[in-house]
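J.: Below you'll find the structure I mean.
In structure tokens, the structure reads:
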């Protein structure tokens, strides 16, 4: 159910807002501490700093904040993001809270939703050193072992990605600043030292907060249940386009199509259904035989797509599509 999740986000934002008000408006010193000191403490402390200081709403500032209050403070990324009994989406909740702030203050953040989605995705990939270990001690020991192994020590964690695991996630974000920048952000206005820096005052209410559909509902069959039938005829005549950055791909449920959307071949026990990862429709094996990367959906390895989506992506160019007459697959 989405309501408990939104309730957790509201509680975290409410605690951060209260902390920020004590620090900024009343000039108090605030002690923040949860049961262990590396979960709720990091959430509330880092969010309060984002509300108070506009520096932490920039790309560099956000990187400093995560490295300082999460990585350096000892948040157990390996245990919380892994499959151990201590697994918990603590850092994902923090990113969700930041996204809620970007929705309420769309011109106050230098980074956009795509940057937050990229960070959230790479929490699970082990491509970057930021999210691999539980503390700095483990990171130093890991780097020492790798240095001692010499050239023979292969980069097992990232051999598929081609990215050394010693690199932090910020090497990707800052190297592609234009991709992750918010066009509505005015750095001269927000970082002007002569201008009074006002803290952000978000509304931490479940009536205002939203579900982060761009992250949690990338592939949602319930949403297509409301839209697919109503737009099927209109979509058939409209030009096909790949999903944009903020659109979620809606997968057509298996029981909604008895035949391939392209060639019309009926699905049977030996003619399987395959979803196109770009448009979400059902095709047979032959009509979905293309494999391309979809970076706009954060799918960087080649995935199965239909031929029309492959044509749009430019993977096939102007080659003529194969004939499907007298084929059973």
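Numbering (our numbering), first residue to last: 4 to 332.
Ideal Cβ positions, reconstructed from N, Cα and C, are used throughout, including at glycine.
#1: Apart from the five residues on each side of it in sequence, which residues of its chain come closer than 8 angstroms, Cβ to Cβ, to residue 110?
#2: Based on Cα-Cα distance, which residue from 38, 136, 299 and 21 lies nearest to residue 116?
#3: How far does the beta strand (DSSP E) with residue 48 in it extend, from its first residue to its last?
#4: Can you say whether residue 52 is buried or exposed, counting buried as having 16 or more other CB atoms within 10 angstroms of its CB?
#5: Helix, strand or coil: how does DSSP classify residue 252 here?
#6: Does DSSP put residue 288 in a helix, in a strand, or in coil?
#7: In terms of alpha-carbon separation, which member of 55, 16, 10 and 37 lies closest to residue 27?
#8: Please report the distance separating the alpha-carbon of residue 141 from that of residue 72.
#9: Please report the distance separating the alpha-carbon of residue 199 from that of residue 24.
#10: Check each candidate in 69, 68, 136 and 220 and name the one with the smallest Cα separation from residue 83.
#11: Is the segment 29–42 touching the segment 56–70, taking contact as three or more C-beta pairs under 8 angstroms?
#12: Here's a check: name, in chain order, each residue in its chain whose Cβ is nearer than 6 angstroms to the Cβ of residue 46, leaving out the five neighbours to either side.
#13: Secondary structure at residue 305, three-state DSSP: helix, strand or coil?
#14: Work out the CA separation of residue 213 and residue 68 for me, nearest whole Å.
#15: Mind checking which residues open and close the alpha helix (DSSP H) that includes residue 66?
#16: Measure the alpha-carbon distance for residue 314 versus residue 113 and round it to whole angstroms.
#17: Please specify which runs of the alpha helix (DSSP H), each continuous and at least 4 residues long, are wholly inside the segment 176–208, giving them in chain order.
#18: Quickly, what does DSSP pair residue 294 with across the bridge? List them, please.
#19: Helix, strand or coil for residue 87? Go by DSSP, reduced to three states.
#20: On the DSSP bridge list, what partners appear for residue 114?
#21: Have a look at residue 265 and residue 290 and give me their C-alpha separation to the nearest angstrom.
#22: Can you tell me whether residue 123 is helix, strand or coil according to DSSP?
#23: Excluding the 5 residues preceding and the 5 following residue 89 in the sequence, name in chain order all residues of the same chain whose CB lies nearer than 6 angstroms to its CB.
#24: With DSSP as the reference, label residue 277 as helix, strand or coil.
#25: May I ask which residues mark the beginning and end of the alpha helix (DSSP H) holding residue 107?
#26: Can you find a heavy atom of the ligand SAH that lies under 7 angstroms from the Cβ of residue 191?
T.: This is what the structure holds:
#1: Hits under 8 angstroms: 185, 187, 188 and 189.
#2: Answer by Cα proximity: 299.
#3: DSSP places residue 48 outside any beta strand (DSSP E); the residue lies instead in the alpha helix (DSSP H), whose first and last residues are 43–55.
#4: Around the beta-carbon of residue 52, 16 or more other beta-carbon atoms lie within 10 Å, marking it buried.
#5: Note: residue 252 maps to strand in three-state DSSP.
#6: For residue 288, the secondary structure class from DSSP, reduced to helix, strand or coil, is coil.
#7: The shortest C-alpha separation from residue 27 is found at 55.
#8: Taken atom to atom, the span from the alpha-carbon of residue 141 to that of residue 72 is near 17 angstroms.
#9: Roughly 16 angstroms separates the two Cα atoms.
#10: Taking only the C-alpha atoms, the option nearest residue 83 is 136.
#11: No: fewer than three Cβ pairs fall under 8 angstroms.
#12: Excluding the 5 residues flanking it on each side, residue 46 has same chain C-beta neighbours closer than 6 angstroms at 15 and 97, in chain order.
#13: Three-state DSSP puts residue 305 in a strand.
#14: Their Cα atoms are separated by approximately 24 angstroms.
#15: From DSSP, the alpha helix (DSSP H) with residue 66 extends over 62–69.
#16: The alpha-carbon separation between residue 314 and residue 113 amounts to approximately 34 angstroms.
#17: Taking only runs of at least 4 residues, the alpha helix (DSSP H) segments lying wholly in the segment 176–208 are 180–183 and 190–193.
#18: Beta-bridge partners of residue 294 (DSSP): 307.
#19: Here residue 87 sits in coil by DSSP.
#20: Per DSSP, the beta-bridge partners of residue 114 are 184.
#21: Their backbone Cα atoms lie some 7 angstroms apart in a straight line.
#22: In the structure shown, residue 123 sits in a helix (DSSP, three-state: H, G or I).
#23: Only 82 meet the Cβ criterion.
#24: Of the three classes helix, strand and coil, the one that applies to residue 277 here is strand, per DSSP.
#25: Taken as a continuous stretch (DSSP letters only), the alpha helix (DSSP H) holding residue 107 covers 93–107.
#26: Although the ligand SAH was asked about, the structure shown includes no ligands whatsoever.
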